[in-house]
Amino acid sequence: MSCLAGLAACGNEPGFDANSRAGNQAPSVSAGSDQTVDEFANVVLTGSATDADGDALVYEWEQTDGLAVTINHATSPTASFEAPDVLAASTPELLRFRLNVSDGTSTVSAVVNVTVVDAGLGTNSPPVADAGGDVNAAQSTVVELDGTGSSDPDGDLLDYSWVQVGGPDVTLTGTDTATPRFTAPDVNAGAMVALTFELTVNDGTDVASDRVVVNVAEASSLVAVTGRLSYERPTAKSRCRGYDFNDLTLHPVRRATVLLLDASGNELGRTVTDDDGNYTFDSVTANMDVRIRVRAELLQTSGRQQWRVYVRDNTTETGAKLENRPVYAVQWDLFNTGSTDSDDNDFTAKTGWGGSSYTGNRAAAPLAILDSVLNGVILVTSVDPDVDLGRLDVFWSVNNSQVDFENPDPDNGELVTAYYLSNPDFDANRNPSLFLRGDAIGRFPESQINTDEFDAYVILHEWGHFFEDQLSRSDSIGGTHWIPGTVEARVAFGEGWGNAIGAIAQGDPVGCDTGSPATSGNDLNMETYNLYTQEQGFFNEMSVATFLYDLWDTADDGVDTGSVGFQPIYETMTGFQRDTSAFTTLFSFATGLRRIVDPADIGLIDGLLEQENVDTTSLDIWAFGQATQPTQWRNGNAVRDLLPLYTDLTPGGATRNLCVNNDQVIDQHGNKPGEWRYLRLILDSPQELTLSIRANPAPPPTTDTTPGVRDRADPDVFLYQDGQLLDNGRSPAEDRELFEMGMLQAGIYTLAFQDWRYEDTEISSDYPDRVCFDFTLN
């Protein structure tokens, strides 16, 4: 039972003394048990009270909620009242009463609930007749009238009676049902006749009536309905500091599914807009009320090229699987098809901006998202006539907030950022999925306002990860990454690819990532951002991004005096990079690219690589020819444990000593340079192997005495072949790891190694900033 505000006692719980004082014991009060009664019943409220001091008690009953009644004997322990008349439509009715008892010093209260239900004894409420909305129909077709919207407040059963009261006579069947039918009469060419019908409903006591008009036109009168669909897109402000909603451009809704609906919502046809947003429906009944609805989806499911893209609301119908959440759709008001073909049925999806904030339906948002993804689809299909991009679900909502929660819930709109999730085999609830932010008001105190719907670069960056997942390969371990900033080589390539593809697909080197819709944000210029700045290299995502973008673009700047186009970039990503024996880094991509381009373009590639401090004299997938590295990081720390990128292990060979460090660790995401070391293992024949890893020298004892902190090394190692994780050694043993790899077949293997302490949020505060380990392969 819930208590009323201000009361601390409820039902038969011990009473609360609001006025007690020392020396007096407050009475104990009960208002009796809750009851459920019929309307007009005589209801008895049975209260009781005792007082330990033997004081005389004063009783007072009062009603605190529900339809007002007259309380008899309100100053006695036992009171009564007549239950009020209630309607079936509003039953049950909850009445709440409070018994106040005073011993002259203290007043104590208790509460009881009485639920009154309809018993059909009260005053009859008239029914409501609803004959449905006026409709248009073609001659000689069967028309069904609809009175199912009729109702009775008391819940009484209704009798239906239909009669025709206007227009040429027709034979109406089922006149005593909610849905009678008739056959529309023939009409003269170009003419229209109106038939009027009246519905009367009877609840046994009272009646009510309503009328409906059916307009009948010549059935053979068919017209074409043509128009153009567009959506509003605001112009980015200088340096992408939000958008100017007073400067809107109309963009066509391209290649989206369009539905033609009648006034009742029935689908009359569907088509797809062209690249100018145009749509056409042929052979539509003339003089008929229809509307246009466009779905935020791209479907190409036949032919050599195929793809499916849906923009969905992840915060609606959360009981359904993610893949079944609603697809956004925009529809406009009804219009009449007229008596001749029409080509001016143009409609625009609005932003919903009200001057200083969103005040209306943000209809343009899902269509803008769809249009950005389409740019990526067009880029790929322009170079691959047989590509199958599979299915992508893009989740966006006005509730999607950027939060810093430990376990964010996308069903509630909680996102750590915009991100892409692949579809692991064990998760049947979703397809490859892209999550975007849309909260423009800050739903949570911790929310960071950031909307993505008009940030084509952000959307395409995440779509770039979808590309890697579907068509290529990414060995990136993900995690937080900042610009400017550095990450380990696998992450650098994956994020750099996303940055580059975001610019290439939209055909603009400047990418916008706005925050608050109208006031904040930042930009990235792929042409100029990373030129001649410190920390350029294979560990810098912007080095990767500018290299890839300059390969594609035709603008000449610096050593960028040519272009290889997107074809060889695509072929490298879907071929060599997907199958490389090494981890996917700038070295594997560049090595594969140099093998397929025209010899005349190798100079361009090498010049762009050298601009990013990548040595090209002995370039290979393992970076064994790489010697150049920064002298220090941006934070002033000296660069160490970065090269060589790979270290060879030989069964029965010499022990290798490798070190890892936390020189750039700021967020415990485990993806910064120096936190990971790579190893290579080449086997000429099957062998059963064990890898022993021991800290050498072992980390010294720390001075941190905080309970629960961890101050010993925790080495972890992961075994891969061609990018596939085969096994791992992740025991909790301190300062060592014994990784029994079992029988490995002949081939090339890679290992990634870390001291997990640098990712551990409970690491000792004075844990060493560098730890070294011996690697012995037996």
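In this text, residue positions in the sequence shown follow my numbering: the first is 3, and each later residue adds one.
Just so it is clear, CB atoms sit at the ideal spot from N, CA and C, and this is done for glycine as well.
If you're wondering where the values come from, they're calculated on a predicted model, not measured in any experiment.
In terms of Cβ geometry, Val396 and Leu436 form a close pair [threshold 8 Å]. One Cα belongs to Ser266, the other to Thr516, and the distance between them is close to 41 Å. According to the DSSP secondary-structure assignment, Glu234 is paired through a beta bridge with Leu252. Bounds of any beta strand (DSSP E) do not take in Gln538, whose DSSP letter is neither H nor E. Here DSSP, grouped into helix, strand and coil, assigns Ala43 to coil.
Gly504: member of the alpha helix (DSSP H) spanning 491 to 508, first to last residue. Per DSSP, the beta bridge partners of Glu690 are Met745. For Arg596, the uninterrupted alpha helix (DSSP H) run begins and ends at 588 to 598, by DSSP. Its chain contains Ile506, Ser565, Gly567, Phe568, Ile571 as the residues whose beta carbon lies nearer than 7 Å to that of Trp554, once the 5 sequence neighbours on both sides are disregarded; these appear in chain order.
Distances from the alpha-carbon of Val379 to those of Thr482, Arg256, Thr228, Val88 put Arg256 closest.
By the neighbour-count criterion, in which a residue is buried when 16 or more other Cβ atoms sit within 10 angstroms of its Cβ, Trp678 is buried. DSSP places Ala367 inside the alpha helix (DSSP H), whose first and last residues are 366 to 383. Under the criterion of beta carbons closer than 8 Å, Pro129 and Ser152 qualify as touching, at roughly 7 Å.
At the C-beta level, Trp624 and Ala584 come within 8 Å of one another. Residue environment for Ile503: buried (at least 16 other C-beta atoms within 10 angstroms of its C-beta). Boundaries of the beta strand (DSSP E) harbouring Ile294: 291 to 297, taken from the DSSP string. In the DSSP assignment, Gly513 falls within the unbroken beta strand (DSSP E) covering 512 to 516.
Within the stretch 390 to 438, the runs of beta strand (DSSP E) at least 3 residues long that lie entirely inside it are, in chain order, 390 to 397, 421 to 423, 435 to 437.
In this structure, the straight-line span from the alpha carbon of Gln756 to that of Pro717 is close to 6 Å. Spatial neighbours of Arg642 in its own chain (CB-CB distance under 8 Å, excluding positions within 5 residues in sequence) are listed in chain order as Cys661, Asn663, Asp665, Gly676, Arg772. Taken in chain order, the whole beta strand (DSSP E) runs of length 3 or more contained in the stretch 254 to 278 are 259 to 264, 269 to 274. The stretch 309 to 320 and the stretch 364 to 377 touch, with no fewer than 3 CB-CB distances between them shorter than 8 Å. Per DSSP, Gly523 is one residue of the beta strand (DSSP E) stretching across 523 to 527. Spatial neighbours of Thr177 in its own chain (CB-CB distance under 6 Å, excluding positions within 5 residues in sequence) are listed in chain order as Trp164.
Under the DSSP assignment, Trp678 falls in the beta strand (DSSP E) whose first and last residues are 678 to 685. Within the model, the alpha-carbon separation for Thr179 versus Asn115 is close to 42 Å. Comparing alpha-carbon positions, the option among Phe578, Asn730, Ala442 lying closest to Arg597 turns out to be Phe578. About 5 Å separates the Cβ atoms of Ala76 and Trp63, confirming a contact at the 8 Å cut-off. Spanning the alpha carbons of Thr38 and Arg327 requires a straight line of approximately 41 Å. Closest option to Arg712, judged by alpha-carbon separation, among Thr752, Tyr760, Val45, Asp724: Tyr760.
Per DSSP, the unbroken alpha helix (DSSP H) holding Tyr551 starts and ends at 543 to 554. For Arg297, the number of other beta carbons within 10 angstroms of its own is at least 16, and it is reported as buried. Restricting attention to Asn190, Leu174, Ala186, the CA atom closest to the CA of Glu200 is found in Leu174. If the five residues before and after Leu753 are omitted, its C-beta is found closer than 6 Å to the C-beta atoms of Leu681, Val719, Leu721, all from its own chain and listed in chain order.
Its chain contains Asp57, Ala58, Val60 as the residues whose beta carbon lies nearer than 8 Å to that of Gly106, once the 5 sequence neighbours on both sides are disregarded; these appear in chain order. Looking from the CA of Gly157, the closest CA among Gly206, Asn639, Leu746 belongs to Gly206.
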